[in-house]
């Protein structure tokens, strides 16, 4: 199930490369519609639809570490630091 969801996200990015963001982080207000975000610690994958972020599935932790360059791995503004301490991912 994970691979078809990842394939769907990849197909959406390749269908129109102008809709995907070509960097790994961007300010939250400037994200292109249909940009794909992969949370690397969990592998959870989201697509930025015009109505908001939509969860589309998860990829393996190994796949999450090797995503294409136009897949977002952070949606925090450049230069911002995460100030909340969180539990480590095991």
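In our numbering, the protein residues as written are 4 to 93.
A virtual CB, placed ideally from N, CA and C, is assigned to each residue, including glycine.
Please classify residue 92: is it buried, with 16 or more other beta-carbons within 10 angstroms of its beta-carbon, or exposed? Position 89 of the chain shown holds residue 92. When all chains shown are included, residue 92 counts as exposed.
Continuous beta strand (DSSP E) stretch holding residue 67: start and end: Translated into positions along the chain shown, residue 67 becomes position 64. Note, residue 67: premise wrong, no beta strand (DSSP E); alpha helix (DSSP H) at 64-67.
So if DSSP puts residue 46 in a beta bridge, which residue, or which two residues, is it bridged to? For this step, residue 46 is matched to residue 43 along the chain shown. In the DSSP output, where bridge partners are listed per residue, residue 46 has none listed.
Restricting to Cα atoms, I'd like to know which of 35, 43, 37 and 36 is closest to residue 76. In the chain shown, counting from the first residue as 1, residue 76 sits at position 73. Of the candidates 35, 43, 37 and 36, the one whose C-alpha sits nearest the C-alpha of residue 76 is 43.
Environment of residue 48 [buried if 16+ CB atoms lie within 10 Å]: On the chain shown, residue 48 is found 45 positions in, with the first residue counted as 1. Buried.
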